[in-house]
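The opening residue of the sequence shown carries number -14 in our numbering; numbering runs sequentially from there.
Just so you know, even glycine gets a beta-carbon here, dropped at the ideal spot from N, CA and C.
It should be emphasised that the depicted structure is a prediction, and the values quoted were computed from it without experimental measurement.
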Amino acid sequence: MPRQNRARLAQPVVPDWSSLIPDLVRRVGDCLLATGDIDCYMAFCAVCHHWRSAIKDDNCADPGRLQPSKWALLDRRDDVLTLANVDTGRFLRRRIPLLRDYFFVGATAGGLILLGEPAYPYQARVLNPFTGSLARFKAPVPVGEAREVAVTTTSPTTMMVFISTTPAAEGAIMWADQNSEYFQKCNAPFPDDLLCTVPFAGDVISGGWPFLLPHGVWGRAVTGDQTMVRCTRTANSP
């Protein structure tokens, strides 16, 4: 056998990973998202154009697909965040220079970050620390210390943010979507109970108190019997 042919046979075969079939690429991406490893998913997408193209349609069809839900913010130092995956126990430190351009308000139980513009009118922003996407709100960040933050999506393109304030700041739940001019407010009869605010089945539960916000024109109705407070939007409200 000629020497050139022997040398060619001796060279290891380099697999062409970019040739993976689209269905397999999507399955790998789905597995990463199922465990909440959005950072690994983003790195996976960055490997090559073929892989990004294979999963682009899935991401466009469901914008909430890349919204974190299994992460908790443990520490924040300037532009460095330390997060933990509450399902797997994995720790992650991320440096995000964008954080230096805003003031920190709070973080959701899933890992989204609520920020405020540093200059008037101090409009709210919601940062996805894994994708770098920044949701912009018209409403300014409410005055007062935020105790808990929660985020829901009212449509594929619209996000709503909820803030529960400390008793020193009147102990209320405030909310606004991206088109709201200001945050709506619902006072809680037991502000000390607002220790945990999380989205659930399209609603928001705060300290065991459901704040139900169906689609419609802004309005507010408050009822309470020492066990429940419900805030709703009604079609005939101003």
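- Judged by DSSP in its simplified three-state form, ARG12 adopts helix.
- The Cβ atoms of VAL126 and TYR105 lie no closer than 7 Å to each other.
- Take the alpha-carbon of ASP64 and the one of SER165: they are about 28 Å apart.
- Closest option to SER54, judged by alpha-carbon separation, among GLY129, PHE168, ALA157, VAL134: VAL134.
- For the set LEU97, GLU102, THR137, ARG132, the Cα lying nearest the Cα of ALA124 is the one of GLU102.
- Bounds of the alpha helix (DSSP H) holding CYS30 are 23 to 30.
- By the neighbour-count definition (other C-beta atoms within 10 Å, threshold 16), VAL128 is an exposed residue.
- By the beta-carbon neighbour count (other beta carbons within 10 angstroms, threshold 16), LEU100 is buried.
- With contacts defined by Cβ atoms closer than 7 Å, ALA69 and ALA57 form a contacting pair.
- In this model, VAL10 and ASP72 are separated by some 24 Å (Cα to Cα).
- When DSSP reads this structure, ARG79 sits in a beta bridge with LEU66.
- Inclusion of GLN163 and MET144 in the CB contact set at 7 Å is warranted, their separation being smaller than that value.
- The three-state secondary structure of LEU5, taken from DSSP, is coil.
- Per DSSP, the continuous beta strand (DSSP E) segment holding ASP162 begins and ends at 157 to 162.
- Here the C-alpha atom of LEU51 lies approximately 12 Å from the C-alpha atom of CYS30.
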